[in-house]
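Residue numbering for the sequence shown follows the working numbering, beginning at 61 and increasing consecutively.
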Amino acid sequence: MKILSVNAGSSSLKFTLIEMPAQEVIASGLFEKIGLEGSFYTIKYNGEKITKESELTDHAVAVKVLMDELVNLNIISSLSDIEGVGHRIVHGGQEFSSSVVLNEEILNRISKYNDLAPLHNPANIMGVRAFMEVLPGVIQVGVFDTAFHTTMAATEYLYPVPYEWYEKYQVRKYGFHGTSHRFINKTISEYLKRDDLKVISCHIGNGGSITAIDSGKVVDTSMGFTPLAGIMMGTRSGDIDASILEFMNKQTSASISELTNELNKKSGLLGISGVSSDSRDVEAAAEEGNERAILAQEIYARKIANYIAMYNNLLGGADVICLTAGVGENSKTMRKMIIDRIASLGVELDEEKNDFRGEFRLISTDNSKIPVYVVPTNEELMIAIDTMELSDK
Ligand code: AMP
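And the structure:
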């Protein structure tokens, strides 16, 4: 069966068409600047890539153009070839602990969490409605970034703030990247043929989060009420002292929302290095001796190493550490920097094995107390798997 895996943003729509259960990607692409001037789309299929400008006034138009192209390019013979659509939905609150079949009632329940993810959830829902219109009768499934983390206990998800913040306003840790961490846990558990593993899953891309998993259940994760918390990222600060906001507000008269935007978009690797949010650029600058780039890399590696050490403690000793996403899969330099900084856990990198990018591989030595694997993530596939499984029910 052919399943579309969809990630709708406020002005973009990313899709992957996957043949299931064979897990073969048939086509993928991106619609950009939806609702804006200069909208266009790219579709990759059969080793080819087309890019076209098109007036994409809203998501419904983009989805119609996509369907027409899939047929015109002979990627599918008719719309009835598509037997399921899985949608990434960022926030399902405390309520959605697994993927669900979407209908009007469920969409209304998901909308309750729009305030918790104002940039993402309304756009995700818009994408769902657009596909419901064009493919009536086809199963639509919602896959939440937050769902995998709903197993956290109050000891982990509560912030030590007045309890009413939680009761009245739902202020708690939710965690994100759940679909990726779930995929990593599934992949490593299947590979090692164990369902009782204690896994530290490190999703290190432009965004980044570390998750402690015990026997398939999340114990703790580094992102929080929003994706701003936890480790240092490409442009996000990660954990900082909350008082900095009031102090900076008084110093600069920038509003809380402007400052929060700076913590999300101007901080992290970009903020410290002043060079870029992209670890490739920061690495290149560091190699040329740029001191702030060197400092940015050092802080970045330490923040990640500290979380790994903390989660090793929380799990009572991890069985395996997995590195994934753009940096984790591709940067041997950053992998080495991180692993060197958890040497106290008895973790040891095999530098020869580490000299590669972008594939599943063990990178620690035989002596390493905890094995370290690079596990390429695949959120689109995880979404397609959930959609297939729910369509069977
Ligand atoms: P993601 O958010 O998972 O797509 O990761 C994107 C990030 O991965 C980029 O911003 C880069 O920092 C990083 N990245 C991708 N390829 C490489 C590479 N070959 N070496 C180092 N970093 C990379």
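Each residue gets a CB set at the ideal place from its N, CA and C atoms; glycine is no exception.
Listed in chain order, the beta strand (DSSP E) elements of length 3 or more contained wholly in the region 206-283 are 258-264, 268-274 and 277-281. If one requires a minimum length of 3 residues, no beta strand (DSSP E) run lies completely within the region 321-364. For Asn-67, the enclosing beta strand (DSSP E) begins and ends at 62-68. Under the criterion of beta carbons closer than 8 Å, Ser-333 and Ala-356 qualify as touching, at roughly 4 Å. With a cut-off of 8 Å on Cβ pairs, the region 269-289 is in contact with the region 237-245, counting three or more such pairs. Distance from Ile-316 to Ala-365 at the Cβ level is roughly 31 Å; contact not present, criterion being Cβ atoms closer than 8 Å. According to the DSSP assignment, Gln-200 belongs to the beta strand (DSSP E) that extends over 199-204. Of the residues assessed, Val-123 falls on the buried side of the cut-off, its CB having 16 or more other CB atoms within 10 angstroms. Asp-400 is classed as exposed because its beta carbon has fewer than 16 other beta carbons within 10 Å across all chains shown.
In the DSSP assignment, Lys-112 is bridged to Tyr-101.
DSSP places Tyr-371 in the helix class (H, G or I) of the three-state scheme. Annotated as distal: Leu-133 and Ile-94, with beta-carbon spacing of 8 Å or more. Every unbroken stretch of the beta strand (DSSP E) spanning 3 or more residues and falling wholly within the region 132-200 is given here in chain order: 142-149. Closer than 7 Å to some heavy atom of ligand 1: that does not describe the Cβ of Asn-67. Segment contact: the region 406-422 against the region 277-294, fewer than three CB-CB distances shorter than 8 Å; contact not assigned. In this structure, the C-beta of Asn-390 approaches ligand 1 to less than 7 Å from one of its heavy atoms. In the three-state reduction of the DSSP assignment, Val-125 falls in the helix class, which pools H, G and I.
Between the alpha carbons of Ile-264 and Met-127 lies a gap of roughly 33 Å. Ranking Glu-224, Ala-214 and Ile-402 by CA distance to the CA of Thr-281 puts Ala-214 first. With three or more CB-CB distances shorter than 8 Å, the region 374-382 counts as touching the region 431-439. Within the same chain, Cβ atoms closer than 8 Å to the Cβ of Val-125 are found at Phe-91, Tyr-101, Ser-114 and Leu-116, the five residues on either side in sequence being excluded.
Around the Cβ of Ile-304, a 10 Å sphere holds fewer than 16 other Cβ atoms; the residue is exposed. Pairing Met-394 with Glu-143, the inter-Cα distance amounts to about 41 Å. In the displayed model, Leu-319 falls within a helix according to three-state DSSP. Checking the DSSP bridge columns, you'll see Glu-79 partnered with Lys-62 and Glu-84. In the three-state scheme derived from DSSP, where H, G and I count as helix and E and B as strand, Lys-310 is classed as helix. If you compare the alpha carbons of Ile-149, Gly-89 and Ser-72 with that of Val-161, the shortest gap goes to Ile-149. When C-beta atoms of the region 188-201 are compared with those of the region 434-452, three or more pairs fall below 8 Å, so the two segments count as touching. In chain order, Asn-266, Asn-324, Lys-325, Lys-326, Ser-327, Gly-328, Leu-329, Leu-330, Gly-331 and Ser-337 place their CB closer than 8 Å to the CB of Thr-295, counting only its own chain and leaving out the 5 sequence neighbours on each side.
The beta carbons of Asn-438 and Ile-260 sit no closer together than 8 Å. DSSP places Arg-395 in the helix class (H, G or I) of the three-state scheme.
Distance from the C-beta of Gly-386 to the nearest heavy atom of ligand 1 is below 7 Å. Trp-225 and Tyr-217 have their alpha carbons spaced roughly 13 Å apart.
As DSSP reads the structure, Ser-424 sits in a beta bridge with Leu-409. For Ser-327, the CB stays at least 7 Å from every heavy atom of ligand 1. In summary, Val-66 is buried, with 16 or more beta-carbon neighbours lying within 10 Å of its beta-carbon over all protein chains present.
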